[in-house]
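If you count the sequence shown from 1, position 75 lands on 75 in my numbering, and the numbers rise without skipping. Where is the CB? At the ideal position from N, CA and C, for every residue including glycine.
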Amino acid sequence: MNILLHICCSTCSLEPVRLLRSGGHRPTGFWFNPNIHPLEEYHLRFVDLKRLSGEWKCDVHYLDAYRPQDYFAMYGIGPDRFTLNPTAASSAIPPAPGRCRSCYRLRLEKTAVHAREQGFDAFSTTLLISPYQDFEAIAATGQEVAEHYNVAFLLEDYRPAFRDAVALSKELGLYRQKYCGCIFSKMERETKKNQK
């Protein structure tokens, strides 16, 4: 099958691409991640994926305009307000898992629409490899979006290959981020780090 694979970062794409290819599928990457913030983090992941896709000869469709407002709009705030006062803005954001589910939906809806418009057989996401993400929520969201947009969702549990992906990313010198991508997860990580 021709699979449109939503990619959150290069490290998480390694094993899903390999496993899909070994299963006889033809994966094409899809970059749409308005949740990634700030711009420097977005740029690091974007450039790293471009390098990897060239080396692995994997086609990727890039919706590469940096548009965090698409993410922040889900919570009724603009990026300028957040940048100026992240603590005040964060009070408008639901805690995980509600926040994460909204983010999954935003990205998977865009992937499903692109898959349907471009004639792919199905879509999937590299989010399914991370033990730090809510697998069940991603699976449920993918199925809901698939039904709504009338395009198949390929649900694969890539989590057993996570350690292999991390080891390979080290060998390849890929950028490995310290948080999922949104500024709220970064703030949560820094808070926990400071508490220790």
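Around the CB of Pro-68, 16 or more other CB atoms lie within 10 Å, so the residue is classed as buried. In this structure, the alpha-carbon of Leu-154 lies about 9 Å from that of Ala-146.
Under the DSSP definition of a beta bridge, Phe-123 partners with Leu-4 and Phe-153. Looking at the DSSP output, Pro-38 sits in no beta bridge, so it has no partner there. Proximity to Leu-52 across Gly-29, Ile-3 and Glu-156 peaks at Gly-29, based on C-alpha coordinates. By the Cβ test, the segment 55 to 62 is not in contact with the segment 156 to 169, since fewer than three Cβ pairs between them sit closer than 8 Å. Close CB contacts of Asn-35 within its chain, under the 6 Å cut and outside five residues either way in sequence, are with Tyr-71, Cys-103, Gly-181 and Cys-182 (chain order). Separation of Leu-106 and Gln-195 (C-alpha to C-alpha, rounded to the nearest whole angstrom) is 32 Å. Met-187 and Gln-177 have their alpha carbons spaced roughly 14 Å apart. For the pair His-148 and Gly-23, the Cα-to-Cα distance works out to about 27 Å. Linking Thr-125 to Glu-136 through their CA atoms gives a straight-line distance of about 13 Å. For Phe-32, there is no enclosing beta strand (DSSP E), since its DSSP letter is neither H nor E. Around the beta carbon of Tyr-132, fewer than 16 other beta carbons lie within 10 angstroms, which makes this residue exposed.
The beta carbon of Met-1 sits closer than 6 Å to those of His-25, Asp-121 and Ala-122, all from its chain and outside the five residues before and after it, given in chain order.
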